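Okay, so the sequence shown: first residue is 0 according to numbering that gives the first Met the number 0, each after it adds one.
Beta carbons are placed, not taken as given, at the ideal position from N, Cα and C, and that holds for glycine.
As the structure is a computational prediction, the values presented were derived from the model and not from experiment.
First comes the structure, then the notes that go with it.
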Amino acid sequence: MKLHKDTDRAAYTKVEDALKRRRKGVTVADVVAATALPLNTVKELVPRAADEYSARLEVTESGEILYSFPQGFTSRYRGFRAGLKRFTQKCIKGLGIFASWFFKVWIMVMLVGYFVIFMLIALAALMLSVAANSSSSNNRSRGDGLGGMYLVSGIFNFIIRIWFYSELTKSMDRRYAGPWNSRQAGRSRPKGRPLYKAIFSFVFGETDPNREAGTAEKKAVIAYIQANRGVISLPEYMALTGLPPAEAEAGIMACCSEFGGSPEATGDGTILYSFDELLKGQDKTDRSFDGASAPLRKLKKFSANEKKMNRWFGIINSVNLLFGGYFLYQSSAVRIAVEAATGRLLIQADAAYSYLYKVSYMLLTAFTENPLPILTVGLGMVPLIFSILFWIIPALRFSREKNENEETKLSNLRKTGFQKIWSKIRGIQNRDIDSAIPECRPKKLTAAQDKIIKEMGTYSMPEVEVNEEGATLYNFDDLEREKTALAQYRSAINPDASDLGKIVFDTDR
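Have a look at this one:
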């Protein structure tokens with residue numbers, strides 16, 4: 000909440016002081032008397048203060064609205080606590096962005112860099128195995144070399160298959176490669192998704208499809224207000240936003256603060272929210288989304304990749320996992336032998352895949368006298384830890400997004416359910432709170448239906464009855480009275496109040 004003019008700030012401070020001294024309950028007239036501010040100014044500023052300090056609204060028998068602050072007079076937007084909360088949120092967001100960026104870079108280094116390293120090691124082992132097999136005259140050495148050759152050649156062939164399946168060569172699709180295919184001739188070759196984006200999609204997912212959902216719901220609320228003579232009730236707001244009553248009350252007060260609205264009370268004590276300023280528009284198009292409905296929130300997808308692509312990422316990661324585990328195991332098995340032999344590598348003949356480890360050790364001796372730390376950490380621990388994280392992060396994200404999607408479905412079902420209750424009022428059954436749209440069907444549908452009826456019941460207590468078939472019916476009589484009062488209030492508003500009239504001044508004339 001921002002007040003730009005100094006006069007507005009001074010007036011708002013006076014309103015705050017008046018409300019602080021009268022926390023148990025105050026009317027607009029009380030604030031006017033305490034501040035000597037103009038009535039229109041107080042009507043504009045009190046809803047802002049009610050939003051900032053989480054006011055409670057009550058209606059007296061005479062129809063006046065009382066603003067009270069039972070939770071204390073603590074600002075949601077200013078002060079040390081609010082500032083600390085914003086700072087903490089920014090820090091968490093910044094750390095999240097940095098961690099995401101760092102891990103993205105690490106992913107590319109690991110999947111591409113280690114792939115090349117392992118491929119070169121396998122190639123070198125294959126070449127040495129062939130050379131050893133052709134030159135050795137010892138039968139036992141010949142057998143070991145032949146076995147090592149089969150092993151590394153199998154690994155090398157597998158890695159090559161993975162490499163040529165990747166997105167780096169996927170654009171070489173024969174369906175678009177030449178004129179011999181008459182069905183595809185003349186068609187442009189589709190642009191494949193870059194490999195790094197596909198990898199990030201598998202690990203981190205896609206951009207939140209509901210990042211603009213809040214704005215879309217606000218537009219729906221504004222459009223509904225404009226289509227209904229500048230007035231909205233809390234149940235209608237609930238049907239537009241999918242918020243339960245307690246959150247909807249805070250949300251609609253925030254709307255009053257943002258869009259110049261104010262709560263009004265009818266003769267029977269029904270609270271309505273009037274937004275006269277929103278009626279002063281030139282565009283008269285009805286954008287109210289067909290009654291009280293609003294755009295539904297979308298479900299998050301685990302990844303935009305094809306399932307086959309994600310499956311291959313899993314296979315590639317498994318290769319890293321196997322290589323990392325292999326080198327870490329071999330290094331732990333030969334550590335004592337290396338120390339006891341004054342630097343000479345002694346590997347047991349029956350050690351698992353010892354041939355590949357011997358080749359790796361030999362290659363690294365060209366760069367360092369003691370290759371064991373590199374074999375243990377560089378080719379063992381690091382790819383092993385990476386591979387574990389590469390599985391854990393998508394798994395945790397899948398679990399979190401699954402829960403978020405269920406919350407999204409419940410929120411969408413609330414919109415449908417609240418609209419159904421508001422339109423039907425009487426004879427509501429659980430089965431009425433339903434929709435054929437997948438985005439509106441939580442996994443536990445029956446429990447969600449019960450919850451929505453109970454949530455509406457916290458705002459307006461229904462009368463419960465059982466029909467002849469044994470079905471439970473809910474009658475929201477108080478909502479019916481509120482709906483009648485709302486219709487009467489709207490009918491009393493001059494339909495021409497939003498008419499801008501003729502142009503009386505034009506700068507071009």
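Closer than 6 angstroms by C-beta to Phe72: which residues in its own chain qualify, once you throw out the five before and the five after it? Chain order, please.
Numbered from 1 along the sequence shown, position 73 holds the residue referred to as residue 72. Same-chain partners within the cutoff: Lys19, Tyr52.
For Lys414 and Ala249, believed in contact at Cβ under 8 angstroms, the rounded distance
Residue numbering aside, residue 249 sits at position 250 when the sequence shown is read from its first letter. Residue numbering aside, residue 414 sits at position 415 when the sequence shown is read from its first letter. Not quite, the Cβ-Cβ distance comes to about 18 angstroms (not below 8 angstroms), so this is no contact.
Spatial neighbours of Met308 within its chain, please: CB distance less than 7 angstroms, with the 5 preceding and 5 following residues excluded, ordered by chain position.
The residue given as residue 308 occupies position 309 in the sequence shown. Taken in chain order, the residues that qualify are Ala197.
Contact between the region 260 to 272 and the region 428 to 439 (3+ Cβ pairs under 8 angstroms):
no
Which of helix, strand or coil DSSP assigns to Asn474
Taking the sequence shown and counting its residues from 1, one reaches residue 474 at position 475. Note: Asn474 maps to strand in three-state DSSP.
Which value, in whole angstroms, describes the spacing of the CA atoms of Met380 and Leu327?
Residue numbering aside, residue 380 sits at position 381 when the sequence shown is read from its first letter. Residue numbering aside, residue 327 sits at position 328 when the sequence shown is read from its first letter. Straight-line Cα distance between these residues: approximately 6 angstroms.
Beta-carbon contacts of Lys450 that lie in its chain and below 8 angstroms, excluding the five residues immediately before and after
As a first step, residue 450 is located in the sequence shown; it is residue number 451 there, counting from the start. Within the same chain, Lys450 has close Cβ partners Leu409.
Around the C-beta of Lys510, are 16 or more other C-beta atoms found within 10 angstroms, so that it is buried, or is it exposed?
Limits of the chain in this structure are 0 at one end and 508 at the other, which puts residue 510 out of reach.
Look at the alpha carbon of Thr214 and the alpha carbon of Glu405, and state the distance between them as a whole number of angstroms.
Taking the first residue of the sequence shown as position 1, residue 214 is located at position 215. Taking the first residue of the sequence shown as position 1, residue 405 is located at position 406. Distance between the alpha carbons of Thr214 and Glu405 is about 21 angstroms.
Selection from Leu239, Asp207, Leu38 that minimises the alpha carbon distance to Arg399
The residue you call residue 399 lines up with position 400 of the sequence shown. Comparing Cα positions, the closest option is Asp207.
Return the CA-CA distance between Asn474 and Val463, expressed in angstroms with no decimal places.
As a first step, residue 474 is located in the sequence shown; it is residue number 475 there, counting from the start. As a first step, residue 463 is located in the sequence shown; it is residue number 464 there, counting from the start. Between Asn474 and Val463, the C-alpha separation is close to 6 angstroms.
My output table needs one value for Leu271: the three-state DSSP class, helix, strand or coil.
Stepping through the sequence shown from its first residue, residue 271 is reached at position 272. Three-state DSSP puts Leu271 in a strand.
If you draw a straight line from the alpha carbon of Val376 to that of Leu119, how long is it in whole angstroms?
Indexing the sequence shown from 1 puts residue 376 at position 377. Indexing the sequence shown from 1 puts residue 119 at position 120. If I take the Cα positions, the gap works out to 18 angstroms.
Proximal residues to Glu479 (C-beta, below 8 angstroms), its chain only, five neighbours per side dropped:
Looking up residue 479 in the sequence shown gives position 480. The residues are Ile424, Arg425.
Just to confirm, are Leu472 and Ile387 a CB contact at a threshold of 9 angstroms?
By one-based count along the sequence shown, residue 472 stands at place 473. By one-based count along the sequence shown, residue 387 stands at place 388. No.
Per-residue burial, Asn39 [other beta carbons within 10 Å of its own, 16 or more giving buried]:
Your numbering for residue 39 matches position 40 in the sequence shown. Classification for Asn39: exposed.
One question on the structure: do Phe389 and Gly323 come within less than 9 angstroms of each other, judged by their Cβ atoms?
Numbered from its first residue, the sequence shown carries residue 389 at position 390. Numbered from its first residue, the sequence shown carries residue 323 at position 324. It is not a contact, given that the beta carbons lie outside the stated cut-off.
For Tyr52, name the three-state secondary structure that DSSP assigns.
The count along the sequence shown starts at 1 and reaches residue 52 at position 53. Looking at Tyr52 - three-state DSSP - the assignment turns out to be coil, as it is neither helix nor strand.
With a CB to CB cut of under 7 angstroms and the five nearest residues on each side skipped, what residues in its chain are close to Lys442?
By one-based count along the sequence shown, residue 442 stands at place 443. Here the set comprises Glu405.
Can you give me the C-alpha to C-alpha distance between Ser170 and Tyr195, rounded to a whole angstrom?
On the sequence shown, residue 170 is found 171 positions in, with the first residue counted as 1. On the sequence shown, residue 195 is found 196 positions in, with the first residue counted as 1. Because Ser170 carries a pLDDT of 40, less than 50, the predicted location of this residue cannot be relied on, and no value is offered for it.
Are at least three pairs of beta-carbons, each pair with one atom in the region 100 to 116 and one in the region 364 to 374, less than 8 angstroms apart?
no
Report the three-state DSSP secondary structure of Leu83 (helix, strand or coil).
Taking the first residue of the sequence shown as position 1, residue 83 is located at position 84. If DSSP states are grouped into helix, strand and coil, Leu83 belongs with the helices.
Given Tyr66, which residues of its chain have a CB within under 6 angstroms of its CB, disregarding the five upstream and five downstream residues?
Along the sequence shown, read from residue 1 onward, the residue named residue 66 stands at position 67. Cβ neighbours of Tyr66 beyond the five flanking positions: Val25, Ala49, Ala54.
Helix, strand or coil: which one does DSSP assign to Glu368?
Along the sequence shown, one-based indexing puts residue 368 at 369. Residue state, collapsed to three classes: coil.
CA-to-CA distance, Asn209 to Pro193, given in whole angstroms
Within the sequence shown, residue 193 is the residue found at index 194, counting from 1. Within the sequence shown, residue 209 is the residue found at index 210, counting from 1. Distance between the alpha carbons of Pro193 and Asn209: 24 angstroms.
Cβ distance (whole Å) where Leu271 is taken to contact Leu485 below 8 angstroms:
Working through the sequence shown from its first residue, we reach residue 271 at position 272. Working through the sequence shown from its first residue, we reach residue 485 at position 486. Contact holds; Cβ gap of about 6 angstroms.
Determine the burial state of Ala28: buried for a count of at least 16 other Cβ atoms within 10 Å of its Cβ, exposed for fewer.
Within the sequence shown, the letter at position 29 stands for residue 28. Ala28 is classed as exposed because its beta carbon has fewer than 16 other beta carbons within 10 Å across all chains shown.
Can you list, in chain order, the residues of its chain whose CB lies under 7 angstroms from that of Ala470, leaving out five sequence neighbours each side?
Taking the first residue of the sequence shown as position 1, residue 470 is located at position 471. Annotation for Ala470: Gln428 place their beta carbon closer than 7 angstroms to its own, counting only its chain and skipping 5 residues before and after.
Grouping DSSP H, G and I as helix and E and B as strand, with all else coil, what is Ser459?
Residue 459 sits at position 460 when you count from the first residue of the sequence shown. Coil.
Helix, strand or coil for Pro37 per DSSP?
Translated into the one-based positions of the sequence shown, residue 37 becomes position 38. Of the three classes helix, strand and coil, the one that applies to Pro37 here is coil, per DSSP.
Kindly indicate which residue of Arg47, Ala9, Glu57, Leu56 has the alpha-carbon position closest to the one of Leu36.
Along the sequence shown, one-based indexing puts residue 36 at 37. Selected option, being the one with the closest Cα: Ala9.
Distance, Ala303 Cα to Leu125 Cα
If you number the sequence shown from 1, residue 125 lands on position 126. If you number the sequence shown from 1, residue 303 lands on position 304. Rounded to whole angstroms, Leu125 to Ala303 spans 38 angstroms at the Cα level.
On the three-state DSSP scale, how would you describe Glu43?
Translated into positions along the sequence shown, residue 43 becomes position 44. Glu43 falls in the helix class under three-state DSSP.
Interface flag, Ala123 vs chain C, CB-CB below 9 angstroms:
This model lacks chain C altogether, as it is built from one protein chain only.
Report the three-state DSSP secondary structure of Ile452 (helix, strand or coil).
Along the sequence shown, one-based indexing puts residue 452 at 453. Ile452: helix per DSSP, three-state reduction.
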